[in-house]
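The numbering used here numbers the first residue of the sequence shown as 4 and each following residue consecutively. Only one structure is covered here, and it is reproduced in the block below.
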Amino acid sequence: DIPGLAIEGVLSHFSDADLLDRSFTDQQLDKFRRVREYLEKRLKRRILSHMANSSAVLSFEDAYLDMVRPGIALYGYSAVESFYDDKAPKGSDRGERKAKECVPMSGSLALHSALIPVMSVKTKILCLRNLPPGTPVSYGRTFVTKRRSRIGVIPLGYADGFSRLFSNNAEVLVRGGRAPVVGRVCMDLTMIDVTGIRGVQEGDEVVIIGTQGKEAVTADELSMRINTIPYEILTSLGSKSQRVYV
C-alpha cells in the first residue's frame, strides 16, 4: 500500500490481437487476469479493468472485461480487416501477413462491415497548367507528359502528412472523378493530372480521403499503396489543417 494512492483500475494492451494465431493474445489476457485477481484479493474489493483495443473489440469478446478502448475503430476502420484485404500488395509485409496469419475472427465480420469511415481530408486546386507532350513535372522528372495535359497544383505535401511515397502512386477526387498524383510530392505542393476530367477549375474541391460523387478514397487504399497501416495515414494527414467536427 502507498499512502495517498488508491487503486481504482488496471489496464494493459494487446500487441497482436489482429492475428489468427491467438496464442500470445491468450497468454496476455491470462496474465492480466491473474494480476487483477491478485490486486483485488489484496485490496479486498473489485477494481475496473480494461485491455481490448479495436482489434480485440472486433474479434475477441473474452477481452471485453469492464470497458474497451477502441482507437482506429472510432475513425470507422478495422485494424483486423486492413490486414486481410484482397488488395494487399503481393510480396509486401502486409501481403505476407494476409496470406499466413490474418483473417476475420468468428463472429466479427458483421462488426467489420458495420464500420463507416468518418474522417475526410480535403483541399482545393491552387492553380492549373496546360502542358504540351514531353513536359517533365516536379522534382527529378519522374513524370513526363505523354499528351497535352492539364495539371492541377494542390497546396498539400509531405510537410502536411501526405507521404512522399505517394509520388506517382495515389489518386485524389476532383469533380467526382479520380485524378492521379503525378511527379514527386513536394514539401507543400502536389501535382495531379485532371486531363480526363471535364470542367475542372481553380478553386475546385479536391478530396484526399473521403467521398465525392460515386467515388471514394479510403485510408485503407492509401496505406496499401505505400505498404503501411491505415492508422499512420489517418494520424499523419491534417496536422496543420483547419479541423471541422461534425
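Note that beta-carbon positions come from the ideal geometry of N, C-alpha and C, so glycine has one too. Keep in mind that this is a model prediction, so the values were computed, not measured.
- When the Cα atoms are used, A9 and I236 turn out to be separated by approximately 39 Å.
- At a Cβ-Cβ threshold of 8 Å, V124 and I232 do not count as neighbours.
- Residue environment for A76: buried (at least 16 other C-beta atoms within 10 angstroms of its C-beta).
- Residue environment analysis places V220 among the buried positions, since at least 16 neighbouring C-beta atoms fall within 10 angstroms of its C-beta.
- In the DSSP assignment, D33 falls within the alpha helix (DSSP H) that extends over 26 to 46.
- With 16 or more other Cβ atoms from the protein chains shown falling within 10 Å of its own Cβ, R187 counts as buried.
- A Cβ-Cβ separation of about 3 Å places G216 in contact with G179 under the 8 Å criterion.
- Between the beta-carbon of G74 and that of V121 there is about 13 Å, and that puts the pair past the 8 Å contact cut.
- Judged by DSSP secondary structure, I212 falls within the beta strand (DSSP E) whose first and last residues are 208 to 215.
- Linking G202 to V210 through their CA atoms gives a straight-line distance of about 16 Å.
- The straight-line gap separating the alpha-carbon atoms of E224 and T238 is approximately 15 Å.
- For E235, the enclosing alpha helix (DSSP H) begins and ends at 233 to 239.
- Per DSSP, I128 has no beta-bridge partner at all.
- If you compare the alpha carbons of A66, S170, L61, R151 with that of A117, the shortest gap goes to L61.
- The C-beta distance from D65 to L32 rounds to 7 Å, short enough to fall under 8 Å.
- In the three-state scheme derived from DSSP, where H, G and I count as helix and E and B as strand, A82 is classed as coil.
- The DSSP assignment places 152 to 157 as complete runs of the beta strand (DSSP E) inside the region 137 to 173, in order along the chain (cut-off: 3 residues).
- In this structure V13 is in contact with L42, their Cβ atoms being roughly 6 Å apart against a cut-off of 8 Å.
- Taken atom to atom, the span from the alpha-carbon of A222 to that of S15 is near 27 Å.
- Per DSSP, reduced to three states, the secondary structure at V203 is coil, with no helix or strand assignment.
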